[in-house]
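A.B. asks:
In the working numbering, the protein residues as written are 141 to 405.
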């Protein structure tokens, strides 16, 4: 049977971790690996004790859970025979036993021909990277703040510049993973269409420092407050790289990595 795409939402802070290590979060626990609640404890076998990965069959239903689960959007495919699925509406009854008793493989729901719009799909194994795709986070002007016009101008139109500016926005966040800086970094990093496989190599060969500088010059009038802030970050990064005896492009990557390392902590 063909694999089926499901949709998972999580806080944006989890997206870099997911990209690096595969899907590590669960939609039904708002993108968290714990604490284990009554629904987890009632799950059968290996679906219990924090081991399951969950998503929704309907993207429209998933989008309605942004407030609860976070705006980071991930999709992945599952073997419908190797899942457990149940309607989210059964959670409203507050009885975990009833929820899991009603659960059955996604393939069975499909065979019955009456698939609920709010069907939650659970797997008890991690998602392999080849089945995983990160999408543009479900954020708007409110979450992006002053970054909104810059993201609108660059994120889909110039992926090379977007990737370079993403590094500056991560550094600008200074480890505040709920800040508009970090949200904007994620919006610049991931879009609904996958990037070309050689984009990162192209950025490295072109020199991310030069790409970022050119993008800031081009879009200075688009978002002056943000580009001014990112220009300051770029200047600081160049000074830091000089003090470390490394080229400016490597310095940009190194400072980004240092911030993202705090996610692991």
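Just so it is clear, CB atoms sit at the ideal spot from N, CA and C, and this is done for glycine as well.
Assuming residue 322 contacts residue 152 (C-beta within less than 8 Å), just tell me the rounded distance between them.
C.D. replies: Indeed, because the Cβ distance is near 7 Å, the residues count as touching under 8 Å.
A.B. asks: For the candidate residues 334, 312, 218 and 195, whose alpha-carbon lies nearest to that of residue 258?
C.D. replies: That would be 195, whose Cα lies nearest to the Cα of residue 258.
A.B. asks: Please work out which residues of its chain come closer than 7 Å, Cβ to Cβ, to residue 243, disregarding the five sequence neighbours upstream and downstream, and give them in chain order.
C.D. replies: 224, 225 and 226.
A.B. asks: Can you tell me where the beta strand (DSSP E) with residue 352 in it begins and where it stops?
C.D. replies: Note, residue 352: premise wrong, no beta strand (DSSP E); alpha helix (DSSP H) at 348-358.
A.B. asks: The alpha helix (DSSP H) that contains residue 396, what's its start and end?
C.D. replies: First-last of the alpha helix (DSSP H) with residue 396: 388-404.
A.B. asks: Please go through the same chain and pick out, in chain order, the residues whose beta-carbon is closer than 7 Å to the beta-carbon of residue 359, but skip the five residues on each side of it.
C.D. replies: Result list for residue 359: 290, 293, 294 and 367, in chain order.
A.B. asks: Suppose the cutoff is 7 Å on Cβ atoms and the five residues either side in sequence are ignored; what does the same chain contact list for residue 396 look like?
C.D. replies: Contacts found: 307, 310 and 311.
A.B. asks: Does the distance from the C-beta atom of residue 365 to that of residue 286 stay below 8 Å?
C.D. replies: In this structure, residue 286 lies closer than 8 Å to residue 365 by Cβ.
A.B. asks: Just how far apart, CA to CA, sit residue 280 and residue 209?
C.D. replies: So the two alpha carbons sit approximately 16 Å from each other.
A.B. asks: Mapping DSSP to helix, strand and coil, what is residue 255?
C.D. replies: Coil.
A.B. asks: What number of angstroms, rounded off, separates the C-alpha of residue 355 from the C-alpha of residue 374?
C.D. replies: Distance between the alpha carbons of residue 355 and residue 374 is about 12 Å.
A.B. asks: Measure the alpha-carbon distance for residue 171 versus residue 362 and round it to whole angstroms.
C.D. replies: Confidence at residue 171 is low in this model, with a pLDDT of 41, below 50, so the placement of that residue is unreliable and no value is reported for it.
A.B. asks: Am I right that residue 385 and residue 348 are in contact with their C-beta atoms under 8 Å? What's the rounded C-beta distance?
C.D. replies: Rounded, the Cβ-Cβ distance is 18 Å, inconsistent with contact.
A.B. asks: For residue 262 and residue 380, I'd like the C-alpha separation in whole angstroms.
C.D. replies: Taking the straight line joining both Cα atoms gives about 46 Å.
A.B. asks: Rounding to the nearest angstrom, what Cα-Cα distance links residue 303 and residue 267 in this structure?
C.D. replies: If you take the alpha carbons of residue 303 and residue 267, they lie about 25 Å apart.
A.B. asks: On the CB-based measure, 16 or more other CB atoms within 10 Å of its CB, does residue 372 come out buried or exposed?
C.D. replies: Burial call: exposed.
A.B. asks: Measuring CA to CA, which of 333, 178, 251 and 318 is closest to residue 233?
C.D. replies: The shortest Cα separation from residue 233 among 333, 178, 251 and 318 belongs to 178.
A.B. asks: Mind checking which residues open and close the alpha helix (DSSP H) that includes residue 334?
C.D. replies: Neither: residue 334 is in no alpha helix (DSSP H) and is coded neither H nor E.
A.B. asks: If you follow the beta strand (DSSP E) that residue 131 is part of, which residue opens it and which one closes it?
C.D. replies: The chain is shown from 141 up to 405; residue 131 falls before or after that span and cannot be answered.
A.B. asks: Rounded to the nearest angstrom, what separates residue 145 and residue 217 at their Cα positions?
C.D. replies: Taking the straight line from one Cα to the other gives about 4 Å.
A.B. asks: Tell me whether residue 275 sits in a helix, a strand or coil according to DSSP, three-state version.
C.D. replies: Coil, per DSSP.
A.B. asks: According to the neighbour-count rule (16 or more other Cβ atoms, all chains shown, within 10 Å of its Cβ), is residue 180 buried or exposed?
C.D. replies: Its Cβ being crowded by 16 or more others within 10 Å, residue 180 is buried.
A.B. asks: Quick one: using the 10 Å Cβ neighbour count with 16 as the cut-off for buried, is residue 351 buried or exposed?
C.D. replies: It is buried - the Cβ of residue 351 has at least 16 other Cβ atoms within 10 Å.
A.B. asks: With which residues is residue 148 paired in a DSSP beta bridge?
C.D. replies: Partner(s): 214.
A.B. asks: Mapping the DSSP letters down to three states, classify residue 224 as helix, strand or coil.
C.D. replies: Residue 224 falls in the strand class under three-state DSSP.
A.B. asks: Distance, Cα to Cα, residue 327 vs residue 252?
C.D. replies: Each residue's Cα considered, the two are about 39 Å apart.
A.B. asks: Quick one: give me the first and last residue of the beta strand (DSSP E) that residue 194 is part of.
C.D. replies: Per DSSP, residue 194 belongs to the beta strand (DSSP E) from 193-196.
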